[in-house]
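Participant:
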Amino acid sequence: MRISDRVKNMKYSAVRKLVPLATEAEKKGIKVYRLNIGQPNIETPKLFFEGLKNIPDHIIRYADSRGISELLEQVIEVYARDGYILKKEDIIVAQGGSEALTFAMLAICNPDDEVLIPEPFYSNYRSFIDIADAKIVPIPTDINNDFALPKKEEIEKLITPKTKAILYSNPCNPTGKVYTKEEVKLLADLAIENDLFVIADEPYREFIYDDNDRHYSLLDIEEVKENAVIIDSVSKHYSACGARVGFLISKNNDFMSYIMKFCQARLAAPTVEQYAVANLMKAPKKYFKEIKEIYKKRRDIIVNSLNKIKGVTCSAPKGAIYAFAKLPVESSEDFCKWLLTDFVYDNSTVMLAPGEGFYETEGLGKQEVRFSFCVGENDIEKAMKVLEEALKVYKK
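If you're matching positions, the sequence shown starts at 4 in the working numbering and goes up one per residue.
#1: Would L189 pass as a contact of L152 if the rule is Cβ separation under 8 Å?
#2: How many angstroms separate the CA atom of P48 from the CA atom of E92?
#3: So the candidates are N147, E205, I169, D149; which of them puts its Cα closest to the Cα of P141?
#4: Are R302 and P273 close, meaning C-beta to C-beta below 8 Å?
#5: Comparing C-alpha positions only, which one of G86, L343, S72, P206 sits nearest to K30?
#6: Report yes or no: do the stretch 227–245 and the stretch 212–219 share at least 3 C-beta pairs separated by less than 8 Å?
#7: K167 lies in the beta strand (DSSP E); which residues open and close that run?
#8: CB K285 to CB L50, shorter than 8 Å?
#9: Since I believe Y207 is in contact with P174 (beta carbons under 8 Å), could you give me their beta-carbon distance rounded to a whole number of angstroms?
#10: On the three-state DSSP scale, how would you describe C244?
#11: Looking at the strands, I want to know which residues DSSP matches up with I316.
#12: Report the rounded CA-to-CA distance for G99 versus K239, giving the unit in angstroms.
#13: Drop a sphere of 10 angstroms on the beta-carbon of Y261, count the other beta-carbons inside from all chains shown, and report buried for 16 or more, exposed for fewer.
#14: Measuring only the C-alpha atoms, how far is F291 from I324?
#15: Does the stretch 31–41 come within contact of the stretch 340–354, defined as at least 3 CB pairs closer than 8 Å?
#16: Report yes if the CB atom of Q370 is closer than 8 Å to the CB atom of V396, and no otherwise.
#17: Would you identify the three-state DSSP class for L189, choosing helix, strand or coil?
#18: Please list the terminal residues of the continuous beta strand (DSSP E) segment that includes I95.
#19: What's the C-alpha gap between W341 and F200?
#20: What are the start and end residues of the alpha helix (DSSP H) that includes T344?
#21: Using CA coordinates, which residue listed in E196, L309, Q267, K155 is at the minimum distance from V372?
#22: Verify the contact flag: A97, CB atom, against every heavy atom of the ligand FAD, threshold strictly below 7 Å.
#23: DSSP state of L89, grouped into three classes?
#24: To which residues of the same chain is F94 closer than 8 Å at the C-beta, ignoring the five residues directly before and after it?
#25: Expressed to the nearest angstrom, what Euclidean distance is found between the alpha-carbon atoms of K432 and K254?
#26: In terms of residue numbering, what span does the beta strand (DSSP E) encompassing P141 cover?
#27: State the beta-bridge partners of F200 as determined by DSSP.
#28: At what residues does the beta strand (DSSP E) containing M387 begin and finish?
#29: Alpha carbon to alpha carbon, how far is G54 from L283? Give it in angstroms, no decimals.
#30: If I follow the unbroken alpha helix (DSSP H) through F131, where does it start and stop?
#31: Taking P23 as part of the alpha helix (DSSP H), name the residues at either end of that continuous run.
#32: Assuming L21 contacts C339 under a Cβ cut-off of 8 Å, what Cβ separation, rounded to an integer in Å, is found between them?
#33: Measure the beta-carbon distance from S16 to S126 and round it to whole angstroms, keeping in mind my assumption that it falls under 8 Å.
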């Protein structure tokens with residue numbers, strides 16, 4: 004039987020591709036510190052489980068394709084707390100941020116259309132865009148410049164008649180970059196001036212660690228509301244990755260009516276999880292302050308440890324739950340595989356996400372890796388020791 008070119012040409016996840024090697028190492032009794040994936044080890048708030056117990060029906064019915072009213076109202080309340088006014092018509096509940104992004108790409112792009120994305124970028128953006136038969140055009144950023152956006156005229160050179168959208172994550176996965184007010188305004192201006200959509204992926208917007216920084220949203224800019232799409236999720240904010248509940252938000256009524264066609268085709272997001280998440284999102288704002296302090300301590304340990312290792316460069320992430328570092332190796336993918344197949348220190352090794360998978364430009368990211376600080380402080384310290392010892396003996 005013939006398989007489509009679409010699925011043949013898709014790449015496997017840069018974050019998950021080394022899982023079989025890690026599994027084999029663990030079967031041998033080796034402790035693997037899994038710093039490759041953004042799966043928080045923080046307990047999901049009890050509010051989620053209380054919501055499961057209080058579903059007001061004895062039949063698990065289809066939800067409305069937009070989402071249950073209780074959850075839509077809670078999203079409105081959470082955004083209002085931060086000064087943003089939304090209506091139910093501005094929100095669609097999706098099966099995770101991934102479905103929301105896939106629907107956005109399918110609604111915006113025809114085959115061979117182009118989407119501008121600052122690189123490095125979340126590796127699954129490539130999958131969502133591949134499904135739409137579109138193409139990524141990378142906006143170059145550099146670790147030595149803290150991944151700042153280039154000047155407006157440099158980005159304008161990348162725009163062609165096929166360009167349909169700009170996509171960025173803020174704070175950024177994988178770099179932890181938090182975009183400044185000027186940078187968000189720059190992307191909004193480019194979208195308005197060139198009649199593009201601008202999509203802000205914001206599943207880490209509550210996790211900004213330094214007092215001098217804040218999250219700037221496209222919702223702050225009235226002029227861009229017809230171009231703007233916001234993607235949000237409960238996965239990381241509330242340590243509820245498995246709930247698979249995310250949100251697509253836009254004040255462009257025509258765009259949202261088109262997205263509803265996809266929502267109706269898949270019928271509805273899961274009813275049970277929506278009730279649980281509606282209750283989960285009642286968590287007070289102080290919840291995030293407590294969680295941020297945990298992640299900030301982990302960030303500081305991982306960044307300080309990395310920068311003490313000879314030949315390693317790590318720009319301190321200002322947000323999200325990842326650090327992106329340059330290692331003194333020729334191929335980070337080969338090094339990451341070697342860690343799992345050939346290296347053991349104190350009966351342990353470490354699993355990382357190779358940097359190439361976060362780039363579209365051929366040849367970039369070969370020396371870089373992404374570290375997740377979703378594990379505990381003690382595990383991070385031990386993992387950094389394993390990495391230090393590994394780099395002493397690795398043959399580049």
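Where is the CB? At the ideal position from N, CA and C, for every residue including glycine.
Facilitator: According to the data block:
#1: Yes, the pair counts as a contact, with Cβ atoms nearer than the cut-off.
#2: The straight-line gap separating the alpha-carbon atoms of P48 and E92 is approximately 28 Å.
#3: For the residues N147, E205, I169, D149, the minimum Cα distance to P141 belongs to I169.
#4: Their beta carbons are not under 8 Å apart, which means R302 does not touch P273 by this criterion.
#5: Nearest of G86, L343, S72, P206 to K30, Cα basis: L343.
#6: Because the criterion of three Cβ pairs below 8 Å is not met, the stretch 227–245 and the stretch 212–219 do not touch.
#7: Counting along the chain, the beta strand (DSSP E) containing K167 begins and ends at 166–172.
#8: Less than 8 Å divides the Cβ of K285 from the Cβ of L50.
#9: Rounded, the Cβ-Cβ distance is 5 Å, consistent with contact.
#10: Per DSSP, reduced to three states, the secondary structure at C244 is helical.
#11: Correcting the residue type first, residue 316 is Thr in the shown sequence and not Ile. According to DSSP, T316 shares a beta bridge with K329.
#12: Near 11 Å, if we compare the C-alpha coordinates of K239 and G99.
#13: With fewer than 16 Cβ atoms within 10 Å of its Cβ, Y261 is classed as exposed.
#14: Linking F291 to I324 through their CA atoms gives a straight-line distance of about 13 Å.
#15: Flag = yes, the stretch 31–41 and the stretch 340–354 touch.
#16: In this structure, Q370 keeps its C-beta atom at 8 Å or more from the C-beta atom of V396.
#17: The answer is helix: DSSP assigns L189 an H, G or I state.
#18: First-last of the beta strand (DSSP E) with I95: 94–97.
#19: C-alpha separation (whole angstroms): 42 Å.
#20: Run containing T344: 335–344, per the alpha helix (DSSP H) assignment.
#21: Residue nearest to V372 within the set E196, L309, Q267, K155 is L309 (criterion: CA-CA distance).
#22: The ligand FAD is absent from the structure shown, which contains no ligand whatsoever.
#23: Note: L89 maps to coil in three-state DSSP.
#24: It should be pointed out that residue 94 corresponds to Ile in this sequence rather than to Phe. Residues R69, G70, L75, V78, I79, F250, L251, I252 of the same chain have their beta carbon placed closer than 8 Å to that of I94, with the five preceding and five following residues left out of the count.
#25: Nothing in the structure corresponds to residue 432, since the chain is present only between 4 and 399.
#26: It spans 138–143 - the beta strand (DSSP E) in which P141 sits, taken as one unbroken run.
#27: DSSP output for F200 lists A168 as bridge partner(s).
#28: For M387, no beta strand (DSSP E) segment is defined; the enclosing uninterrupted segment is the alpha helix (DSSP H) at 380–396.
#29: For L283 and G54, the distance between alpha carbons rounds to 7 Å.
#30: Taken as a continuous stretch (DSSP letters only), the alpha helix (DSSP H) holding F131 covers 127–134.
#31: Under the DSSP assignment, P23 falls in the alpha helix (DSSP H) whose first and last residues are 22–30.
#32: L21 to C339, Cβ: 6 Å. Contact.
#33: Yes, they are in contact, since the Cβ atoms of S16 and S126 sit about 6 Å apart, within 8 Å.
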